[in-house]
Structure formats: structure tokens, C-alpha cells
Amino acid sequence: MSSSPGTVLVITSAEDVTANLVIEVLNDRQVNVVRVDPVDIGAELTFSARIGDIGKDWAGRLRTPSRDIALEEVGGVYYRRPTPYPAGFAHLPAQQGAFAVAEAQHGFSGILNNLQNAVYINRPLNIRRANFKPAQLQVATRIGLTVPPTLITNDLEQVRNFAATNGPIVYKSFRGAPPTPDGRSSAIWTQRVNPQDLDESVSITAHLFQREVRKTADARVTVIGRNVFASRITTPDGALDWRSGDWEQLIHDPIDVPEPIKEALYNYLDHFGLVFGAFDFALETICEQNSGSWTFIECNPNGQWAWLPDANAMAHAFADVLLKGRWPWTRP
Numbered sequence: 084m085s086s087s088p089g090t091v092l093v094i095t096s097a098e099d100v101t102a103n104l105v106i107e108v109l110n111d112r113q114v115n116v117v118r119v120d121p122v123d124i125g126a127e128l129t130f131s132a133r134i135g136d137i138g139k140d141w142a143g144r145l146r147t148p149s150r151d152i153a154l155e156e157v158g159g160v161y162y163r164r165p166t167p168y169p170a171g172f173a174h175l176p177a178q179q180g181a182f183a184v185a186e187a188q189h190g191f192s193g194i195l196n197n198l199q200n201a202v203y204i205n206r207p208l209n210i211r212r213a214n215f216k217p218a219q220l221q222v223a224t225r226i227g228l229t230v231p232p233t234l235i236t237n238d239l240e241q242v243r244n245f246a247a248t249n250g251p252i253v254y255k256s257f258r259g260a261p262p263t264p265d266g267r268s269s270a271i272w273t274q275r276v277n278p279q280d281l282d283e284s285v286s287i288t289a290h291l292f293q294r295e296v297r298k299t300a301d302a303r304v305t306v307i308g309r310n311v312f313a314s315r316i317t318t319p320d321g322a323l324d325w326r327s328g329d330w331e332q333l334i335h336d337p338i339d340v341p342e343p344i345k346e347a348l349y350n351y352l353d354h355f356g357l358v359f360g361a362f363d364f365a366l367e368t369i370c371e372q373n374s375g376s377w378t379f380i381e382c383n384p385n386g387q388w389a390w391l392p393d394a395n396a397m398a399h400a401f402a403d404v405l406l407k408g409r410w411p412w413t414r415p
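Here it is in C-alpha cells:
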């Protein structure tokens with residue numbers, strides 16, 4: 084039996100079906116897996132951690148109704164999409180709830196995010212840093228990827244000047260639309276913009292405009308460690324934003340990623356301290372070997388991937404990185 088840490092911690096909500104694929108692979112490999120949603124902190128989720136008098140790293144225990152583990156035995160952490168803390172403290176008065184949320188974030192999550200023996204996919208602080216599109220586009224440009232001419236502004240005159248020099252432009256939101264008052268999800272898709280239709284309301288907040296890429300298809304490139312999975316995505320109606328239609332109608336074809344693009348993506352992940360990223364590209368030609376035809380759109384450092392054709396292979400790649408060659412591990 085390996086003497087390496089023997090538990091993989093999966094931090095996510097109970098409804099996260101994507102995480103289930105990785106958990107199933109880990110279970111098949113007889114790895115001890117613990118699934119935790121930090122919002123459950125309370126009677127159903129307790130923890131304690133010490134440092135200083137017993138060592139230089141945090142040590143302690145985490146307990147759920149079905150699990151009791153030593154924090155120092157956690158060798159891998161798959162951070163997915165936990166429930167936001169405010170949902171767990173909604174029963175408290177507003178001020179008390181806000182205090183409890185902040186304390187849980189800094190205390191409990193502060194421990195979970197800093198387990199020294201663990202491989203993380205991905206560290207939450209790195210996810211947060213890599214989520215900002217201005218940073219994404221700047222890093223992509225610096226490592227040699229092609230990006231569309233981009234303007235971020237709240238100045239109407241600048242938008243019109245940008246359109247005049249860059250031809251057709253599109254608008255993209257930074258983070259998408261928040262849920263509706265009744266809790267339903269909503270979205271703002273990439274859309275073409277006629278600058279003459281805009282008015283001074285542009286000044287209210289930040290907006291992102293780009294020159295429209297005359298694409299023939301899109302590519303989703305999922306990088307897990309040094310494993311690269313890529314699909315060309317086309318839509319029956321040639322939609323500007325493939326996310327806006329019926330995902331069941333999307334056409335997926337395998338696509339080879341040019342070596343210069345691969346190396347750039349590895350450099351991108353290394354820059355942000357990421358192990359995993361879901362990259363979107365616009366393809367301007369059919370020729371996959373012409374690296375100039377690949378235009379970087381964005382990278383989601385905690386993106387969805389279970390809907391892709393290679394999902395099973397991706398789940399194994401996630402498991403490989405989390406285990407990092409230290410197992411097999413037999414469940415106690």
C-alpha cells in the first residue's frame with residue numbers, strides 16, 4: 084500500500100452531475116473519495132484543524148454523516164461548483180448571516196483551499212484570478228495566440244470609433260445574466276451590434292466589444308494536465324453563438340490541435356497556476372494545421388465538460404491528475 088495521502092476530496096454541490104463522472108472513475112480505482120459541499124457546515128458538516136503545536140501544516144479532521152477523514156490524508160482536491168455560502172445562512176438575520184458567510188469563507192474554505200499534501204484541480208484563488216476576461220485576453224496575446232481586436236469601455240464615442248475601424252463588431256457580457264427573481268437561469272449570448280443603435284446608457288457599466296470573427300466553426304479544447312481533448316463544433320443554422328441553441332443539435336467532430344496552439348495553452352495554464360481549462364476558439368478556415376485560423380475567444384477555468392463526446396476519457400484524465408501516480412489505493 085502506498086504511504087502517500089489516500090483521500091480525494093470533491094468540493095461541489097449535491098446536484099453536480101459532472102463531478103459524478105470523476106467520482107465513478109475514482110471509485111472504480113478503489114480510491115477513498117469524500118464529497119463535500121461547504122454550505123453544509125453545521126451539524127451535518129463539522130471540522131477542526133490545528134497548526135503550530137503539532138506541525139507546520141494544518142492537520143485535523145472533517146466529518147460528514149457518512150465520512151470521517153484526516154485532513155492531512157487528502158492527496159487530491161477536485162474543486163467544482165459548491166453551493167454559495169449565503170444559501171446556508173439564509174435563516175439568519177441579514178447582519179448575522181453576512182458575518183457567518185465571511186467567517187466560513189475565510190475559516191473553513193481557507194483550510195480546504197490550503198491542504199499542503201494535495202493536488203488541486205483547480206485552486207479556487209487561481210480560478211477566480213483566471214475568470215477575468217481582461218486578464219485572459221492579455222495573457223493569450225502575450226503567449227502568441229490570436230485574439231480579436233477588443234475594446235472594453237463605457238464610452239459611447241469610443242465604441243463608435245472602434246466599429247468604424249474594425250468593421251462588424253459583437254458584444255459579449257463578462258459574466259452572463261444573473262438569475263431571474265423567480266430563480267430561473269438566464270443568459271446573454273454573443274450578439275452583433277450596430278453602433279448607431281447604442282445610446283448613452285453604455286456609460287452605466289463596462290462593456291466588451293470585439294471585431295466579429297468570420298468563422299466557419301468553433302472549437303472547444305479541454306486541457307487536463309497535459310491531456311488535450313478537442314472538438315470542432317458546428318450548428319445546423321450557423322449561429323453566431325453555439326450556446327444559444329439546442330445543444331442536442333450541435334455537430335461534434337474530432338479536431339487536431341496544432342502543436343504551437345497546444346504549447347500556448349500549456350503556458351496559459353501555467354501562468355494562472357491552473358491544471359485544467361476549457362478553451363473556446365473560433366475557426367476561420369477548415370485547415371486545422373494553419374495555426375493562424377485559430378482565434379482565441381476565452382478560457383473557463385472551471386468549465387463544463389460532461390456534455391462533450393470525450394467525457395469518459397476526460398473523467399479518467401481528471402482521475403490521473405488527482406492521483407498523480409501515487410495510487411493504487413485500497414479503500415479502508
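Its first residue numbered 84, the sequence shown is counted upward by one per residue in the working numbering.
From the three backbone atoms N, C-alpha and C, an ideal C-beta is built for every residue, glycine too.
*asked:* Can you give me the C-alpha to C-alpha distance between N214 and N383, rounded to a whole angstrom?
replied: 7 Å
*On a CA-only basis, which of D140, V108, P176, V117 is nearest S96? Give me that one, please.*
V117
*Between A394 and the rest of its own chain, which residues show a CB-CB distance below 8 Å, the 5 nearest in sequence each way excluded?*
L104, W388
*asked:* Can you determine whether any heavy atom of the ligand SAH sits closer than 7 Å to the C-beta of G138, and answer yes or no?
replied: For the structure depicted, the ligand SAH is absent and the ligand set is empty, with no information on it obtainable.
_Candidates H290, P264, A187, F172: closest to T273 by CA position_ = H290
*Pull up the distance between the alpha-carbon of D301 and that of H399, whole angstroms please.*
25 Å
*Is it true that the stretch 340-349 meets the stretch 194-211, where meeting means three or more beta-carbon pairs spaced less than 8 Å apart?*
no
*Could you give the C-beta distance for I124 and G171, rounded to a whole number, given that I count them as a contact under 8 Å?*
7 Å
*For I252, which residues from the same chain have a beta carbon less than 7 Å from its beta carbon, with the 5 sequence-adjacent residues on both sides left out?*
F245, A246, V276, F292, Q293, R294, E295
*Below 8 Å CB to CB, which residues in the same chain sit around A313 once its five sequence neighbours on both sides are set aside?*
A302, R303, V304, T305, P337, I338, D339, V340
_Taking only three categories from DSSP, how would you classify L366?_
strand
*One or two residues paired with N310 in a DSSP bridge*: I307
*asked:* Just to confirm my understanding: we take A187, look at its own chain, exclude 5 residues before and 5 after, and list those with CB closer than 6 Å. What are they?
replied: I124, Y168
*Between the Cα of T317 and those of V311, S327, G138, G250, spot the shortest distance and give me the residue it belongs to.*
S327
*Indicate the three-state DSSP secondary structure (helix, strand or coil) for G193 in the structure shown.*
helix
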